[in-house]
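Colleague:
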Amino acid sequence: MKYILLIALLYSSLFSMQNSDKLFECTKIFKERKNELLVELERIDEQKQALNALKTATEDLLKKKEAKLALKEEAVNAKLAQVSQKEKAIKEMVEKNSKILKELQSTKMSKISQTFAKMKAGAAANVLSDMDSKEAGSILQSLKPKVVGKILTKMDPKKASELTQLLAK
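Numbering (the working numbering) for the sequence shown: 1112 to 1280.
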């Protein structure tokens, strides 16, 4: 039994040596792997910091561009407001000038019609015969029908016919 005990002791010490070697190898592998993981973790941390720096720089650049864009939009809106205001003023001036022009034309036509109304029919017929048909027609339209009839009877029949057609329109 001593013998068996001795063999068992020897065998167990031999077996525990192999386990101890295996444990030492495992510890060594784990330490190496731990070091590799720490290096990898440092590399990932550096990349994360670089990414954060890039993100911050990009955000700053975006904010600057947005600020520039906002300033340009304000300038464009101000110009647009100025253009709209000037356009409105120009429209008002055009309307005002148009009214003044109509008044002047009306006054002018009134004076011309008064002049022709005071003229003798023969003299008025001679003057209107030499004028452009449209102008003569507009003058005749401003006169009273009785006066127009007297003037047309003193005109050349062809010219009177032409002016009558213009008056009919």
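Even for Gly, the Cβ is constructed at its ideal location relative to N, Cα and C.
Helix, strand or coil for D1243? Go by DSSP, reduced to three states.
Modeller: Here D1243 sits in coil by DSSP.
Colleague: Pick helix, strand or coil for D1267, following the three-state DSSP scheme.
Modeller: Of the three classes helix, strand and coil, the one that applies to D1267 here is coil, per DSSP.
Colleague: Which residues in the same chain have their Cβ closer than 6 Å to the Cβ of L1239, if we skip the five residues on either side of it in sequence?
Modeller: Only A1247 meet the Cβ criterion.
Colleague: Would you kindly work out how many angstroms separate the C-alpha atoms of T1218 and A1186, rounded to a whole number?
Modeller: Near 47 Å, if we compare the C-alpha coordinates of A1186 and T1218.
Colleague: Taking the straight line between their C-alpha atoms, what separation do you get for L1215 and I1250?
Modeller: If you take the alpha carbons of L1215 and I1250, they lie about 15 Å apart.
Colleague: Between the C-alpha atoms of Q1204 and K1210, what's the straight-line distance to the nearest angstrom?
Modeller: Gln is not the amino acid found at residue 1204; the sequence shown has Met there. Cα-Cα distance, rounded: 10 Å.
Colleague: Please look up how many angstroms separate the CB atoms of K1265 and G1233, rounded, as I've assumed it's under 8 Å.
Modeller: That belief holds up - the Cβ atoms of K1265 and G1233 are roughly 5 Å apart, short of 8 Å.
Colleague: Could you tell me whether the Cβ atoms of S1244 and S1224 are closer together than 9 Å?
Modeller: No, the Cβ-Cβ distance between S1244 and S1224 is not below 9 Å.
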